[in-house]
Structure formats: structure tokens, C-alpha cells
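Residue numbers (our numbering): 36 to 299. Notes follow once the structure below has been shown.
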Amino acid sequence: MSASIVNRYRYPFLFLTIIVFVAVWWVVAKIVNDPYALAGPVSTAKAYYQLFAQSSLRNLFITSIESTLLSIFLGFVLAVAIGIPVGIFMGRYLVVDYLVDPWINIWYSIPAIAFVPLVMNWAGLTSISALIVSFLIAVFSIIINVYTGVKNVSASLVEPAIAFGISKRALYTKVILPASTPNIMVGLRLGITRAIEGVIVAEMVFSVVGLGGMIFDTADKLEMSLTIALVIVISLISIALNYLMKYLDHKVVFWKESSALKRG
Numbered sequence: 036m037s038a039s040i041v042n043r044y045r046y047p048f049l050f051l052t053i054i055v056f057v058a059v060w061w062v063v064a065k066i067v068n069d070p071y072a073l074a075g076p077v078s079t080a081k082a083y084y085q086l087f088a089q090s091s092l093r094n095l096f097i098t099s100i101e102s103t104l105l106s107i108f109l110g111f112v113l114a115v116a117i118g119i120p121v122g123i124f125m126g127r128y129l130v131v132d133y134l135v136d137p138w139i140n141i142w143y144s145i146p147a148i149a150f151v152p153l154v155m156n157w158a159g160l161t162s163i164s165a166l167i168v169s170f171l172i173a174v175f176s177i178i179i180n181v182y183t184g185v186k187n188v189s190a191s192l193v194e195p196a197i198a199f200g201i202s203k204r205a206l207y208t209k210v211i212l213p214a215s216t217p218n219i220m221v222g223l224r225l226g227i228t229r230a231i232e233g234v235i236v237a238e239m240v241f242s243v244v245g246l247g248g249m250i251f252d253t254a255d256k257l258e259m260s261l262t263i264a265l266v267i268v269i270s271l272i273s274i275a276l277n278y279l280m281k282y283l284d285h286k287v288v289f290w291k292e293s294s295a296l297k298r299g
């Protein structure tokens, strides 16, 4: 199938995929026939009405979204502020690479849930803990991708610039960073996904205010329709943030699409 046809019918394909998913979900829920194990699409839709019809539940829902988004944003911004400089120094200086890389690999391989007890001892059962877990999960994805991009900048770009007497600051801003931008953007896209993961996991474990805390609470009460409704909300937030990063990727790395391999 040609790329032009796929692009033309992209949104109808997406709509059809959603319809098929909901249909399969409905059938499986009917087969299971246990609302405490798997709520169907209809009961989940009713749960959304319940979320907004009851003022106390609506206020908790809005507060939870605000808390979760704030933790994601602050954790991600902190990860970017630290991850990009560390990745650049690792890519440019061999001694920094040798000193830091083993520790990065060790920490990156640790599952998100393993950070939770450590952070709980540091910051207690607060929203700050969710922010810290978000940062710890996101920062290593950013460091690794920035490091890879800077390390692989072609010498044919760097050496002539140095030969013409370019300043160290201009070398980074005019040569190294632009050349490694595709990898940096990949790191940011992975970082935002990991930041979301970290916040939700932390909120569920700590049972603090947030969507993760609401999911844990509703699941504990066997309110599966509300639980699934909240999971869908988190999925939509994740999709929206990923599309935002994808949009920024296309705007910043505008030359990548024109030089990319054409897909069938």
C-alpha cells in the first residue's frame, strides 16, 4: 500500500481501529461477565458521567489531574535541565564518559518501582516523592540519547570548525548541538513517557493525590469501571504529550523527514 493512500486514510484507519478495540473490549467483558474483574465500555462511559455528576468526585478528579500534570512537568523539566548537559559532557569528554557511563547503565536498568522505597525514605509520602521518581526515571533516557548523539557527531563537522578558530561556545551551539538534535529529540520523547510512568507508579504506591492515587483507591474498592476510566484518562494524557513532543521534533529537526527513507 502506497504512503499517499495511507496518509489520505490515516484518520479513518485510526477511527476504525478504535471501533474494533471497543468491540473486542465489549465482547471480552461479556464473556468474563464479572464487573469486579473487567468493566465493559458502557459501564465505563457511565463512570465518566459519575466523575462529573458528583461534585466531591469531580473536585477530586480535577485536583488529581492538576497534581499529576504538575509532577510530570516539573520532573521532566528537571530531567531535561540535568540530562542534556550531562549527556553533552559524556559525549565530548572521554574521562567523563568512563567515570559516568557505568553508573548510568546501572541506574537505567533499575525498574521504576525499585526507586519508590528509596524516595519514600528521602521525601516521605508526598507529591514531592512523585516528582523525584519522575525525574529519576526520565533523566537517564535523556542522558543516554544526548550522549549517543554528541558522541557520533562527525569529525568532518567539528575539525574544520576548530581549524577556523571557532569559539568553544559557538562550537557547541553552532555545530555539536544542531548535529545531535535528532538524538536529543528522541531522548525528550522517551523522557516524557518515562516521566509519566514514574509519576503514576509513585502516586499508586504512595496513595497521594493524583491520578495514580485515584486508580489505586478505586481498584482497592473494586470500582473497576472508574479504574478503567481513569486509566483511559492517563492514556490520553500520555498520547497528547507524546504527540506534542512529536510535533516539536518535526519543527526542530525539519530536515529529517526530507532525508528519511521512504516508507511503503
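Note that beta-carbon positions come from the ideal geometry of N, C-alpha and C, so glycine has one too.
Would you tell me roughly how many angstroms separate the C-alpha atoms of residue i and residue j, rounded to the nearest one?
i, j, result
"Val266", "Ala114", "25 Å"
"Ile231", "Lys286", "23 Å"
"Val63", "Val168", "35 Å"
"Leu92", "Lys186", "50 Å"
"Ile219", "Leu246", "29 Å"
"Ile137", "Tyr182", "Reading off the sequence shown, one finds Pro at residue 137, where the question assumed Ile. Pro137 and Tyr182: Cα-Cα distance of roughly 13 Å."
"Phe199", "Glu238", "53 Å"
"Leu296", "Val236", "Caution applies to Leu296, whose pLDDT of 45 falls short of 50 and renders its modelled position unreliable; the value that the coordinates give is listed next. C-alpha separation (whole angstroms): 37 Å."
"Ser133", "Ile141", "Inspection of the sequence shows that residue 133 is occupied by Tyr rather than by Ser. About 14 Å."
"Thr216", "Val288", "7 Å"
"Ala17", "Pro152", "Nothing can be reported for residue 17, as the shown portion of the chain is limited to 36 through 299."
"Gly126", "Pro120", "10 Å"
"Phe96", "Gln89", "10 Å"
"Lys203", "Ser144", "34 Å"
"Leu49", "Leu279", "18 Å"
"Lys256", "Asp284", "42 Å"
"Asn156", "Ile163", "12 Å"
"Leu51", "Thr208", "45 Å"
"Lys281", "Leu160", "34 Å"
"Tyr146", "Ile274", "Looking at the sequence shown, residue 146 is not Tyr but Pro. Each residue's Cα considered, the two are about 22 Å apart."
Measuring CB to CB, does residue i end up less than 7 Å from residue j?
i, j, result
"Ala264", "Tyr83", "yes"
"Leu73", "Leu166", "no"
"Ile117", "Val59", "no"
"Ser78", "Ser270", "no"
"Leu212", "Ser176", "no"
"Gly222", "Asn277", "no"
"Ile201", "Gly122", "no"
"Val188", "Ala214", "yes"
"Val24", "Phe124", "A question about residue 24 goes unanswered here, because the residues of the chain that appear run from 36 up to 299."
Spatial neighbours of residue i within its chain, please: CB distance less than 6 Å, with the 5 preceding and 5 following residues excluded, ordered by chain position.
i, result
"Phe150", "Val168 and Leu171"
"Val67", "Leu73"
"Val135", "Met125"
"Val154", "Ser164, Ile167 and Val168"
Near residue i, what residues of its chain come up, given a Cβ to Cβ distance below 8 Å and the 5 sequence neighbours on each side ignored?
i, result
"Val234", "Thr103, Ser106, Ile107, Gly110, Ala165, Leu166, Val168, Ser169, Gly245 and Gly247"
"Lys65", "Gly75"
"Leu206", "Val193, Ala196 and Ile197"
"Thr262", "Ala74, Ile250, Thr253 and Ala254"
"Val57", "Pro76"
"Ile53", "none"
Out of the options, which one is the CA nearest neighbour of residue i?
i, options, result
"Ile100", "Ile272, Tyr282, Pro146 and Arg229", "Ile272"
"Ile148", "Pro120, Phe50 and Phe241", "Phe241"
"Thr228", "Phe50, Val112, Gln89 and Asp69", "Val112"
"Glu258", "Asp69, Ile53 and Tyr46", "Asp69"
Residues in the same chain with beta-carbon distance under 7 Å from residue i, minus the five sequence neighbours each way, listed in chain order, please.
i, result
"Ile139", "Phe175, Ile178 and Ile179"
"Val210", "Leu192, Val193 and Ala196"
"Ile87", "Reading off the sequence shown, one finds Phe at residue 87, where the question assumed Ile. These residues qualify, in order along the chain: Arg93."
"Pro47", "none"
"Trp61", "Gly75 and Pro76"
Of all the CB atoms in chain C, is at least one closer than 7 Å to the CB of residue i?
i, result
"Ser102", "In the structure shown, chain C cannot be found, because there is only a single protein chain."
Starting from the N-terminal side, write out each stretch of the beta strand (DSSP E) that is 3 residues or longer and does not extend beyond the region 205-239. none
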